[in-house]
Amino acid sequence: MPELPEVEVVRRGLARWVAGRTVAAVEVLHPRAVRRHTGGGADFAARLAGRTIGAPQRRGKYLWLPLDDRDLSVLAHLGMSGQLLVQPAGAPDEKHLRIRVRFADSAGTELRFVDQRTFGGLSLHPTVPGSAEGLPDVIAHIARDPLDPGFDEMLYHAALRAKRTTLKRALLDQSLISGIGNIYADEALWRAKLHYERPTTTLAGPRSRELLGHVRDVMNAALAVGGTSFDSLYVNVNGESGYFDRSLDAYGREDEPCRRCGTPMRRRPWMNRSSYFCPRCQRPPRVSS
DNA sequence: CTTCGATCCTGGTAGC
DNA sequence: TGCTACCAGGATCGAA
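Numbering (my numbering) for the first sequence: 6 to 294.
Laid out in structure tokens, this is it:
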């Protein structure tokens with residue numbers, strides 16, 4: 006499941022292998038992969054052809070490629086299973102190949118969007134006026150992520166505490182703080198010894214800063230390891246958690262001993278997914294919702 | 001306005 | 001063995 010660290014690794018791969026190249030032709034093989042593009046697949050392909058790709062950018066789990074005149078950007082979201090691969094033009098199509106981008110140069114590689122579950126996709130959007138990075142207008146509401154130098158920490162802490170919700174819901178709220186998904190939310194909460202259902206209103210400033218620190222730490226740790234699975238013809242993305250899955254302390258560890266206290270970890274159904282936590286280190290709030 | 005839950009999708013696997 | 005049911009989950013949209 007690509008969250009911020011995985012998407013950042015992909016961004017770096019695109020920066021190296023795709024930036025500066027001019028698009029020759031685009032092939033949309035599955036309409037769902039361009040469903041966020043209002044004009045449909047043919048329009049997406051026509052508008053992208055002939056354009057030159059600028060420096061890839063990222064905010065949270067969103068990735069985008071500004072185009073030459075900065076009027077439009079290609080927005081990409083990997084969803085749950087999306088991959089952006091740089092492959093030799095002659096390589097056999099992947100089973101779930103959804104979009105192919107051919108280039109007008111002699112490098113011999115093409116960009117492929119492969120996505121089994123089709124939660125992800127590509128689309129073209131006007132950029133926010135004055136945005137140097139070519140921020141697509143449709144993601145202007147997405148908060149900056151905790152690794153962004155422009156992340157406003159004071160604003161975040163105040164907004165978090167003003168929410169009438171629970172900690173994990175808030176961590177997953179991309180308009181409050183972006184880039185966190187189910188895996189890193191559970192990891193950060195475990196590190197902070199906080200229960201996922203604790204009301205945000207009860208989190209005092211110091212604890213909130215501590216939690217944010219753990220979010221950053223776990224993401225940086227994952228990023229450091231994720232970078233190693235990169236090679237030249239494969240813009241990373243193993244869709245999985247990369248090498249970091251061996252370092253997870255909470256996610257997926259039901260019945261395994263807590264790495265701090267040895268108590269068996271628990272899994273609880275939560276919002277049509279799961280929450281993993283240590284019942285001893287992460288005590289539930291007194292008044293549970 | 002804010003919060004909450006259902007829904008989209010497909011492949012792997014557990015269970016019968 | 002072959003089938004069904006369930007699980008993974010980010011973002012969106014409509015309901016409360």
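Even for Gly, the Cβ is constructed at its ideal location relative to N, Cα and C.
Length of the line joining the Cα atoms of residue i and residue j
i, j, result
"D178", "A20", "28 angstroms"
"L83", "A38", "10 angstroms"
"R196", "G218", "10 angstroms"
"V79", "P131", "9 angstroms"
"S252", "P61", "28 angstroms"
"P284", "R271", "7 angstroms"
"G267", "A190", "21 angstroms"
"F156", "L116", "31 angstroms"
"R56", "A94", "19 angstroms"
"M85", "H146", "21 angstroms"
"G210", "E11", "29 angstroms"
Exposure label - residue i; buried when at least 16 CB within 10 Å
i, result
"V240", "In this predicted model, V240 has a pLDDT of only 47, less than 50, meaning its place in the structure is not dependable; the value taken from the coordinates is given anyway. It counts as buried."
"R291", "exposed"
"S213", "buried"
"G25", "exposed"
"G125", "buried"
"E261", "exposed"
"S237", "At S237, the pLDDT of 35 sits below 50, so the modelled position is not reliable; the number obtained from the coordinates is stated separately. So S237 ends up on the exposed side."
"T207", "exposed"
"R278", "exposed"
"T27", "exposed"
"K100", "exposed"
"R128", "Here the sequence assigns Ser to residue 128, which means Arg is not the residue at that position. That one is buried."
"G315", "The shown model of the chain, from 6 to 294, leaves out residue 315, and the question about it has no answer."
Proximity to residue i [Cα-Cα], best of the options
i, options, result
"I144", "D74, C283, R64", "R64"
"H42", "P141, A24, V91", "P141"
"R3", "T207, L176, L208", "No answer is possible for residue 3: the residues shown for the chain start at 6 and end at 294."
"L53", "A229, I104, P284, T268", "I104"
"Y281", "R258, G267, R288, R203", "R258"
"G184", "M224, L160, G231", "M224"
"T123", "C283, G87, P134", "G87"
"P204", "T27, T170, E138", "T170"
"L34", "L194, S136, V119", "V119"
"R16", "D48, K66, A30", "K66"
"E304", "W275, A229, R273, P274", "Limits of the chain in this structure are 6 at one end and 294 at the other, which puts residue 304 out of reach."
"Q287", "M276, A255, A81, A47", "A255"
Bridge partner(s) assigned by DSSP for residue i
i, result
"F118", "L89, I104"
"E32", "R105"
"Q62", "W69"
"V39", "BP columns for V39 are empty, so no partner."
"F282", "R271"
Beta-carbon separation (whole angstroms), residue i vs residue j, contact threshold 8 angstroms
i, j, result
"D73", "G59", "7 angstroms"
"E8", "I188", "6 angstroms"
"D150", "I182", "7 angstroms"
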